[in-house]
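The next block holds one structure in the form of structure tokens; read it before the comments.
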Amino acid sequence: MDTMRDRFAPVVSRLLDEDPRVAVVLAEIGMDGFAKARSRHPDRVVNVGIREQLLIGTAAGLALTGLRPVLHTFASFLVERPFEQVKLDLGHQDAGAVLVSAAASFDWPAGGFTHMSPGDVALLDTLDGWTVHVPGHPDEAETLLRHAVAAGDDKVYVRLSVQSNTQGLPVDGARFRTVREGHAGVVVAVGPMLDAALAATEGLDVTLLYATTVRPFDAAALRRATETAGTDVVLVEPYLAGTSTKEAADALADVPHRVLGLGVGRRELRRYGTVEEHVAAHGLDPASLRERIGAFLGARVHG
Amino acid sequence: MTITATQRYAYTDLPRLMGLMTGDEKHGPAATSTMDALWVLYDRVLRVAPDRVDDPERDRFLLSKGHGPMAYYTVLAAKGFVPESWLPGFGSYASPLGHHPDRVLVPGAEIGSGSLGHGLPIGVGTALGLRAQGLDEPRVWVLIGDAELDEGSNHEAIAFAGPAGLERLHTVVVDNSSASHARPGGIAARFEAAGWSAATVDGRDHEALYAAFTAPHPGRPRVVVAQVEPKSA
Chain A
8 MDTMRDRFAP VVSRLLDEDP RVAVVLAEIG MDGFAKARSR HPDRVVNVGI REQLLIGTAA
68 GLALTGLRPV LHTFASFLVE RPFEQVKLDL GHQDAGAVLV SAAASFDWPA GGFTHMSPGD
128 VALLDTLDGW TVHVPGHPDE AETLLRHAVA AGDDKVYVRL SVQSNTQGLP VDGARFRTVR
188 EGHAGVVVAV GPMLDAALAA TEGLDVTLLY ATTVRPFDAA ALRRATETAG TDVVLVEPYL
248 AGTSTKEAAD ALADVPHRVL GLGVGRRELR RYGTVEEHVA AHGLDPASLR ERIGAFLGAR
308 VHG
Chain B
7 MTITATQRYA YTDLPRLMGL MTGDEKHGPA ATSTMDALWV LYDRVLRVAP DRVDDPERDR
67 FLLSKGHGPM AYYTVLAAKG FVPESWLPGF GSYASPLGHH PDRVLVPGAE IGSGSLGHGL
127 PIGVGTALGL RAQGLDEPRV WVLIGDAELD EGSNHEAIAF AGPAGLERLH TVVVDNSSAS
187 HARPGGIAAR FEAAGWSAAT VDGRDHEALY AAFTAPHPGR PRVVVAQVEP KSA
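In the order they appear, the protein sequences are chains A and B.
Using the working numbering, read the first sequence as starting at 8 and increasing by one per residue.
Using the working numbering, read the second sequence as starting at 7 and increasing by one per residue.
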């Protein structure tokens with residue numbers, strides 16, 4: 008199967024053809040995919056070299072002249088390294104952009120911690136006004152990329168990963184989707200965590216929500232789910248554990264509730280290896296998830 | 007175009023306007039390092055006006071060195087972008103004029119600044135965005151300080167803009183020798199090494215500034231180093 012990132016350049020190349028406002032800014036990484044688009048639109052496909060502060064600043068300048076910049080590099084170099092540029096050149100300048108990252112939390116474990124960014128969404132949570140899409144399948148990535156570029160002058164982050172579910176689902180760029188309904192708890196699976204969450208909750212009496220747009224957080228969907236499934240909530244996220252715990256707590260602020268945030272651990276593993284090994288090391292494989300979700304929800308979840 | 011406000015103030019009015027912010031009426035124009043460069047730009051070079059702040063064809067002036075913006079506000083007031091009546095409130099809660107400018111609050115301010123090293127990269131993007139839309143007339147100007155060049159983000163922009171041939175991009179470096187670690191001639195040399203057209207002039211000499219600001223520089227971005235009295239002097 009192709010990856011989400013395989014869809015990125017073809018989709019955005021078509022958007023460059025369709026919409027004269029769209030411009031792409033790269034910092035070497037990802038150039039190959041845009042070779043043809045660059046020959047058609049030499050002024051709207053810009054490679055600034057290995058300069059990530061300039062990557063964000065350039066996008067801000069493009070936006071201030073009225074264009075819709077789409078930026079791309081690995082998450083660690085797109086959000087973490089130039090974070091003050093993200094905060095000021097986009098946020099404070101009131102300029103919009105679409106930030107599309109690759110490599111996610113540990114897409115390239117053999118590359119080590121320098122190329123891992125489990126904290127990207129948590130960092131963006133310190134800023135105002137960001138939409139965050141976390142697709143779980145290449146088809147969803149394609150849809151969410153189109154939503155992101157079409158979102159006026161909004162600030163949008165699209166988190167692409169090689170981790171993927173086997174099947175894509177219809178996504179609308181805003182709301183959570185109910186995948187399964189039960190009575191003894193609500194599990195929210197984000198993006199590529201859906202397959203593992205489905206397997207982990209097989210036979211359990213829980214409602215399973217699927218989230219591909221996590222900011223703004225679909226608080227209404229979570230509240231609705233708790234009406235029949237109760238207010239014990241488990242979040243299963245492909246980035247830093249607990250990133251959305253506050254969102255769930257805010258959604259349920261006026262009712263007694265419990266929240267368990269599962270995701271990537273904070274501790275640096277100092278391990279290479281494979282994605283599967285890192286999934287297991289962070290307790291995000293179906294067996295580990297089932298054990299942790301079952302322990303949190305208690306005996307009644309087994310019906 | 008009828009901009010009555012632009013006729014109301016002369017260079018000799020600037021100390022009084024600045025005094026409205028500082029409460030000190032004895033300011034000479036040299037009280038801030040940037041005043042003369044700003045005045046020459048707004049008076050004779052930039053194609054901007056209060057009724058054109060959203061005109062796609064206007065020049066873009068980006069004040070990157072947002073520290074000590076009184077000279078900038080003074081010139082914006084003198085040229086009619088902001089009313090004189092705003093100046094006394096400088097820095098107060100209800101004032102649009104803070105100790106670092108905010109583009110959302112100040113008419114005519116192209117960027118908000120304060121954190122050093124952000125203007126030049128945004129200027130690169132602005133130049134590219136204008137080019138991509140076939141807006142061939144507008145020029146982009148970025149004012150930075152000599153110590154601001156300490157920030158590495160500037161060097162990402164300098165090293166890109168030269169080889170990219172961003173002819174419409176201009177940088178004014180106001181050099182008041184405030185960088186702790188610097189070598190004589192180092193500022194212009196760094197730009198020149200990246201392929202920029204460079205000139206170093208007396209930052210208090212209006213004719214020299216004007217000549218340096220308007221000299222042709224085909225195919226290359228342009229830097230003007232405007233030397234003024236050392237900050238410590």
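The C-beta atom is built at its ideal place from N, Cα and C for all residues, glycine as well.
In this text, all values refer to a predicted model and were calculated from it rather than measured experimentally.
In chain A, which residues lie less than 7 Å from B:E162 when you measure between Cβ atoms?
Here the neighbours are R58, Q60, L61.
In angstroms, rounded to a whole number, what distance separates the CA positions of B:M41 and A:F84?
Answer to the nearest angstrom: the Cα atoms are 38 Å apart.
Answer with yes or no whether the minimum CB distance from B:T40 to chain A is below 8 Å.
No, its Cβ sits nowhere closer than 8 Å to a Cβ of chain A.
Could you check which residue in A:H99, A:Y279, A:Y164, A:A196 has the C-alpha nearest to that of A:S171?
Selected option, being the one with the closest Cα: A:A196.
Going by C-alpha to C-alpha distance, which of B:H106, B:A185, B:P169 sits closest to B:A200?
Measuring from the Cα of B:A200, the nearest candidate turns out to be B:P169.
Note down the Cα distance separating A:L201 from B:D181, rounded to an integer number of angstroms.
Whole-angstrom Cα-Cα distance: 57 Å.
Mind checking who B:I150 pairs with in its DSSP beta bridge?
Answer is B:V179, bridged to B:I150.
What does the Cβ neighbour count give for B:G131, buried or exposed, with the cut at 16 atoms within 10 Å?
Answer is buried; the Cβ neighbour count reaches 16.
Please classify A:R12: does DSSP put it in a helix, a strand, or coil?
Here A:R12 sits in helix by DSSP.
Quick one: what does DSSP say A:S108 is sitting in, helix, strand or coil?
In the structure shown, A:S108 sits in a strand (DSSP, three-state: E or B).
Going along the segment 119-130 of chain B in order, which residues come within less than 7 Å of chain A, judged by CB to CB distance?
So the list reads S121, H124, P127, I128, G129, V130, given in the order they occur along the chain.
Looking at the unbroken beta strand (DSSP E) that takes in A:Y164, where does it start and where does it end?
It spans 162-166 - the beta strand (DSSP E) in which A:Y164 sits, taken as one unbroken run.
Unbroken beta strand (DSSP E) runs of length 3 or more, entirely within the segment 27-115 of chain B: which are they?
Qualifying beta strand (DSSP E) stretches, in chain order: 66-69.
Can you tell which of A:D257, A:R273, A:R274 has the C-alpha that lies nearest to the C-alpha of A:V266?
Checking every option, the nearest Cα to that of A:V266 belongs to A:D257.
CB B:R64 to CB B:V54, shorter than 8 Å?
In this structure, B:V54 lies closer than 8 Å to B:R64 by Cβ.
Leaving out the 5 sequence neighbours to the left and right, which residues in its chain are closer than 7 Å to B:F67 when beta-carbon positions are compared?
Closer than 7 Å at Cβ, skipping near neighbours: L47, L52, V54, E116, W147.
Between the Cα of A:S6 and the Cα atoms of A:A206, A:V165, A:K94, A:R21, which residue gives the shortest distance?
Since the displayed chain A opens at 8 and closes at 310, residue 6 of chain A lies outside it and no answer follows.
Is the segment 96-116 of chain A in contact with the segment 213-225 of chain A, if contact means three or more CB pairs nearer than 8 Å?
Because the criterion of three Cβ pairs below 8 Å is not met, the segment 96-116 of chain A and the segment 213-225 of chain A do not touch.
For the segment 96-117 of chain B, list every residue whose C-beta sits within 8 Å of some C-beta in chain A, in sequence order.
The residues in question are D108, R109, V110, E116, I117.
Under 8 Å, do A:D96 and A:G64 count as touching if we go by C-beta distance?
Yes, the pair counts as a contact, with Cβ atoms nearer than the cut-off.
Count the other CB atoms, across all protein chains shown, that sit within 10 Å of the CB of A:V93; report buried if there are 16 or more and exposed otherwise.
When all chains shown are included, A:V93 counts as buried.
Whole angstroms is fine: what's the gap from A:A109's alpha carbon to A:D161's?
Taking the straight line from one Cα to the other gives about 20 Å.
Throw me the rounded Cβ distance for the B:A185 and B:A165 pair, which I believe falls under 8 Å.
Incorrect: roughly 19 Å between the Cβ atoms, too far for contact.
Considering only the beta carbon of each residue, do A:H264 and A:T238 sit closer than 8 Å?
Cβ atoms of A:H264 and A:T238: closer than 8 Å.
Of all Cβ atoms in chain B, is any one closer than 8 Å to the Cβ of A:D24?
Closer than 8 Å: no.
Listed from N- to C-terminal order along the chain, which residues in the segment 97-110 of chain A have their beta-carbon within a distance smaller than 9 Å of any beta-carbon of chain B?
Answer in chain order: H99, Q100, D101, A102.
Classify A:R51 as buried or exposed, calling it buried when 16 or more other Cβ atoms lie within 10 Å of its own Cβ.
Buried: at least 16 other Cβ atoms inside 10 Å.
Can a CB atom of chain B be found closer than 8 Å to the CB of A:V31?
Cβ-Cβ to chain B under 8 Å: no for A:V31.
Taking the alpha carbon of B:V234 as the reference point, which residue from B:G158, B:S183, B:W202 has its own alpha carbon closest?
B:V234 has its Cα closest to that of B:S183, out of B:G158, B:S183, B:W202.
To the nearest angstrom, how far is it from the Cα of B:P144 to the Cα of A:L71?
For B:P144 and A:L71, the distance between alpha carbons rounds to 14 Å.
Helix, strand or coil: how does DSSP classify A:P293 here?
Three-state result, A:P293: helix.
Can you find the residues in the same chain that come closer than 7 Å, C-beta to C-beta, to B:R109, ignoring five residues on each side of it along the sequence?
So the list reads A115, E116, I117, G118, once near-sequence residues are dropped.
Give the straight-line distance between the Cα atoms of B:L136 and A:G126, rounded to the nearest whole angstrom.
If you take the alpha carbons of B:L136 and A:G126, they lie about 35 Å apart.
Looking only at its own chain, which residues have a Cβ that is under 7 Å from the Cβ of A:A204, when we skip the five neighbours before and after it?
Closer than 7 Å at Cβ, skipping near neighbours: V194, A196, L215, V243, L296.
Helix, strand or coil for B:L141? Go by DSSP, reduced to three states.
Coil.
Which residues bound the alpha helix (DSSP H) around B:N160?
Counting along the chain, the alpha helix (DSSP H) containing B:N160 begins and ends at 158-170.
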